[in-house]
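For reference, the structure discussed in these notes is given below.
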Amino acid sequence: MKTKSLFTFFIASFMLLAAHNSYAQSEIRNVPVFSEISLRVSGTLHLKQGDTQKVEIEASQSTLDELITEVSGRTLVIRFRTSNLFSRNFRPGKVDIYVTVPEVNALGISGSGDIIAQTPISSRIIDLTVSGSGNINIADLNSEKVKANISGSGDIVLGGGKIAQEFEGTISGSGNIKAAGYEAKRVDIKIMGSGNCSIHTNGDLYARIAGSGNVYYGGNPNLDTSIAGSGKVTNRN
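Residue numbering for the sequence shown is 101 to 337, as defined by this note's numbering.
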């Protein structure tokens, strides 16, 4: 009888521990000052630009234990502790990362995570990079110069109020730059893959295509195009 009671106790304890590890927990991470973000996990990063820096993560306790948030230079790197986690049948589950930061100069994704801006983002110069299947979405971007680079299947989606001075877009994968509602005075697009770019300009549009991707533009720009492939430069007005 005593043995049966002990067995029941251990089973109940195990189930409670498993439940604790699987339920979402919230954890605030204290990190040094940063102005750039590199997301390397399959989660959703909810970005706000505000006066006070804050990093908060919601995930299971087992995932929080393996999740690293470190600042290298001015870059907040979000990654898992080791590269062999998935060989140990590690399942991170749902991961939500809430970041508030005063200054945003660069956003990068390596993997399947997403970065979604919850507030307007203002920066004199901003670099946006996707090298996986994740997406960057900024509905209201105000910047003098924007660089957008895609080398995977993910998308960069932009909208904005103020007209940018320069926009440089490079696609070497199947992902798309969706910026039909974003306007710049000078636009330089290079496509070496199958992805498409949509943009608005009434200034100068330089388009270089060496693949099957297309450039769709709005406005009435001065065109300078070079195409070595099946891609096209098309006015969507």
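Beta carbons: idealized from backbone N, C-alpha and C, even for Gly.
- Non-local C-beta neighbours of G211 in its own chain, meaning closer than 7 angstroms and more than five positions away in sequence, comprise R140, V141, S142, G232, G234, ordered along the chain.
- Listed in chain order, the non-local C-beta contacts of K332 below 7 angstroms within the same chain comprise N314, local neighbours out to five positions each way being set aside.
- Rounded to the nearest angstrom, the gap between the Cα atoms of V131 and T334 is 46 angstroms.
- Ranked by how close their Cα comes to the Cα of T144, the residues L228, E136, D196, G254 have D196 in first place.
- Taken in chain order, the complete beta strand (DSSP E) segments of 3 residues or longer contained in the segment 264-326 are 264-271, 277-291, 297-300, 304-309, 315-318.
- Proximity of the segment 286-298 to the segment 259-271 meets the contact definition, three or more beta-carbon pairs being nearer than 8 angstroms.
- The C-beta separation of G254 from I209 comes to about 6 angstroms, placing the pair in contact by the 8 angstroms criterion.
- Straight-line measurement puts the Cα of A159 at about 11 angstroms from the Cα of R191.
- S274 counts as buried, since at least 16 other C-beta atoms from the protein chains shown sit within 10 angstroms of its C-beta.
- Around the CB of L176, 16 or more other CB atoms lie within 10 Å, so the residue is classed as buried.
- Counting the other Cβ atoms within 10 Å of the Cβ of D214 gives 16 or more, which makes it buried.
- Sequence-distant partners of S312 (beyond 5 residues in either direction) whose C-beta falls short of 7 angstroms from its own C-beta, in its chain, are S294, G329, S330, G331.
- Exposed is the label assigned to P202, since fewer than 16 other Cβ atoms lie within 10 Å of its Cβ.
- Under the criterion of beta carbons closer than 8 angstroms, T163 and G193 qualify as touching, at roughly 6 angstroms.
- Burial check for G252: the Cβ neighbour count within 10 Å reaches 16 or more, so the residue is buried.
- By alpha-carbon distance to I327, the top candidate from N320, R336, R308, G318 is R308.
- In the DSSP assignment, D196 falls within the unbroken beta strand (DSSP E) covering 196-201.
- In this structure I157 is not in contact with R179, their Cβ atoms being roughly 12 angstroms apart against a cut-off of 8 angstroms.
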